[in-house]
Amino acid sequence: MSDLPRKAVTRTAKLAALPLGIAGRATWGLGKRIGGKSAELVGRELQQRTADQLFKVLGELKGGAMKFGQALSVFESALPEEIAGPYRAALTKLQEAAPPMPTRTVHAVLAERLGEDWRELFAEFADKPSAAASIGQVHRAVWHDGREVAVKVQYPGAGEALLSDLTQLGRFARLLGPLVPGMDVKPLIAELRDRVAEELDYDLEAQAQRVHAEEFLDDPDVLVPAVVHQCDQVLVTEWIDGVPLSEVITDGTPEQRDRAGQLLARFLFSGPARTGLLHADPHPGNFRLLPDGDGWRLGVLDFGTVDRLPGGLPEVIGDSLRMTIDGEADAVYGLLCEEGFVKAEIDLDPQAVVDYLLPIIEPAQAEEFTFTRGWMRDQAARIGDPRSPAYQLGKRLNLPPSYLLIHRVTLSTIGVLCQLGATVRLREELESWVPGFLPDEEYVEEYVYEDGEEGTEAAGSGAEAEAGAGSGPEGDAGASPEGYEEGDRGDVAGPGLVKPSSGTDAARPVAEA
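Going by our numbering, the sequence shown opens with residue 396, and the numbers climb by one from there.
Below, the structure written as structure tokens:
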């Protein structure tokens with residue numbers, strides 16, 4: 396099937412086949428075992444058949460079904476290896492490709508949205524799509540001014556399909572849950588459903604992409620393609636080449652994997668501080684590794700889903716991480732209660748809460764950490780095994796709605812880092828970009844003097860800051876910097892960050908300024 400199935404009854408029947416198929420294959424497997432085949436061999440065949448059907452159904456349906464499949468694909472690292480192998484091959488396909496819609500349908504959408512003379516806007520237009528996603532597909536083209544562009548065309552009926560699929564999948568959540576041990580699938584489906592309107596609005600996506608493209612202009616590490624043209628159901632952006640992250644996962648060198656992992660962590664943690672937006676769809680299909688001289692940059696695509704965080708990531712996240720690492724159980728517990736992670740009627744042991752959190756934030760404790768599928772599986776088993784104390788405690792914790800998207804993005808990012816097997820200096824990114832992770836007195840503000848030399852002044856609320864400690868070009872401390880003129884100092888972009896006065900330079904950690 397090459398077009399987007401639109402009739403609700405057709406889509407419902409296909410989705411209903413997923414859990415029924417799982418049950419049927421389980422019965423088939425039992426018969427094979429009775430017939431003498433080993434449980435291990437039957438299990439592998441069962442998983443392969445399930446993975447094949449999963450991709451076939453989700454890929455053909457696109458819409459919410461494929462969106463759900465993409466969300467699941469970043470968590471395959473949590474599956475036991477004997478199960479993960481077949482799923483990995485099937486789900487990875489969802490990150491880069493899906494059956495395309497017919498050329499006639501694409502042309503009809505372009506004529507309706509860009510006008511009957513739409514071809515005059517392009518010097519070239521490739522009818523064969525270069526990529527297909529959950530609600531649209533991308534065509535490579537050349538804009539009339541000579542720029543190479545990516546033209547994203549939304550599937551007709553995508554909105555109805557998204558809602559129908561996710562509603563139906565919600566009914567099957569209990570059966571689909573075992574696909575990702577330790578993760579409650581139902582809230583994931585509900586959150587995806589809540590984002591339908593935003594996902595379909597290419598105007599909102601264009602706004603978010605423009606903000607990122609401007610902020611990361613000339614950034615040495617991250618490239619966000621500029622928006623060229625936007626209208627209902629069509630979005631045209633500059634084209635970027637590069638190695639899809641899914642290919643880096645399967646075939647990348649250790650150097651490429653580490654670089655991709657570091658840049659992915661840097662972009663996702665720095666984005667809220669620099670733009671007030673969190674890129675909320677971090678599956679490998681949305682990233683490219685771009686050659687840049689002797690190194691690599693990260694290309695970022697698809698801003699259809701973002702979380703709006705005007706003040707950057709909530710400071711309570713950094714505070715909680717720091718205090719958990721320091722073993723401040725009572726303080727951590729108090730913060731979690733204040734923010735609603737622990738409901739008023741629930742009484743938990745603060746030390747047990749810290750013991751529950753510590754393994755999860757282990758990557759933030761070391762200067763660098765190697766993310767592996769094995770580590771991810773250990774965490775999933777610890778949290779997802781109903782017999783474990785961690786599972787029982789986790790069921791009593793609460794995730795406030797305002798943190799739901801942040802939580803999913805964090806888990807997804809960790810999942811991708813484990814797929815990459817990347818060694819990442821995560822602590823460095825947290826110190827640079829997450830408010831509260833460093834004690835207040837360690838944050839400084841930067842000043843640029845008339846003679847071009849730089850100085851710093853403590854900006855925290857600690858004793859040094861209150862005393863006015865700082866350093867100027869002559870080494871003076873405690874006084875306002877002489878020679879400082881209004882406008883010479885960059886705007887403070889967030890705790891520990893300085894945004895230079897130039898409109899194109901990126902905000903940067905003081906330590907790197």
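The beta-carbon is built from N, C-alpha and C at its ideal position, and this holds for glycine as well. Since we're looking at a predicted model, the values are computed, not measured.
With a cutoff of 7 Å on beta-carbon distance, V811 and P679 are scored as near each other. Put simply, the stretch 814–827 touches the stretch 760–771. At least three CB pairs are less than 8 Å apart.
Contact check for R542 and E633: beta-carbon distance about 6 Å, within the 8 Å limit, so the pair qualifies. Distance check between E555 and each of F520, P524, V546 and L595 places L595 closest, using alpha-carbon atoms only. Secondary structure note for H674: it is in no alpha helix (DSSP H), and the uninterrupted beta strand (DSSP E) holding it is L672 to H674. The beta-bridge partner set that DSSP reports for F764 consists of V819. Here the stretch 701–708 does not lie against the stretch 766–780, with fewer than 3 beta-carbon pairs under 8 Å apart. At a cut-off of 4 residues, the continuous stretches assigned as alpha helix (DSSP H) that sit fully inside the stretch 747–817 are 768–779, 784–789 and 799–815. Distances from the alpha-carbon of R703 to those of E734, G666 and G735 put G666 closest. Segment contact: the stretch 670–687 against the stretch 797–810, three or more CB-CB distances shorter than 8 Å; contact assigned. Cβ-Cβ distances below 7 Å link S783 to R777 in the same chain, with the five nearest sequence neighbours on each side left out; the list follows chain order. With a threshold of 16 other beta carbon atoms within 10 Å, N681 meets it and is buried. Between G647 and L685, the C-beta gap is not smaller than 7 Å, which leaves the two residues out of contact.
Taking 8 Å as the upper bound for CB-CB distance, R535 and Q628 are not in contact here, some 18 Å apart. Collapsing the DSSP output to three states places P679 in a helix. In this structure, Q746 sits away from A726, with a CB-CB distance that is not shorter than 7 Å. Rounded to whole angstroms, the gap between the alpha carbons of R791 and R692 is 42 Å. Exclusion of the five residues before and after T719 leaves V727, V749, L752, L753 and I756 as the residues of its chain whose Cβ lies within less than 8 Å of its Cβ.
Rounded to the nearest whole angstrom, the CA to CA distance from R669 to F611 is 9 Å. Cβ contact annotation for V622 (same chain, cutoff 6 Å, sequence separation greater than five): A601, Q604, R605 and T632, in chain order. Counting other Cβ atoms within 10 Å of its Cβ, A592 stays below 16 and is therefore classed as exposed.
If you compare the alpha carbons of G694, G789 and A527 with that of H607, the shortest gap goes to G694. Within the model, the alpha-carbon separation for S641 versus G510 is close to 36 Å.
For A536, there is no enclosing alpha helix (DSSP H); the enclosing beta strand (DSSP E) covers residues G531 to W538. Here I741 is exposed: its Cβ has fewer than 16 other Cβ atoms, across all protein chains shown, within 10 Å. Between A660 and V643, the gap from beta carbon to beta carbon reaches 7 Å or more. Secondary structure note for G713: its alpha helix (DSSP H) is the uninterrupted segment E710 to I720. In the structure shown, W828 falls within a helical segment according to DSSP collapsed to helix, strand and coil. Beta-bridge annotation (DSSP): H624 is paired with V631. Counting along the chain, V727 sits inside no beta strand (DSSP E); it lies in the alpha helix (DSSP H) bounded by residues A724 to E734.
Closest in alpha carbon position to F662, among G831, T808 and A518, is T808. Ranked by how close their Cα comes to the Cα of F832, the residues A506, L505, G690 and D714 have D714 in first place.
In the DSSP assignment, D646 falls within the unbroken alpha helix (DSSP H) covering L640 to D646. DSSP places K581 in the helix class (H, G or I) of the three-state scheme. In the DSSP assignment, D702 falls within the unbroken beta strand (DSSP E) covering V701 to R703.
Nearest Cα to E650 within the set P795, G690 and T562: G690.
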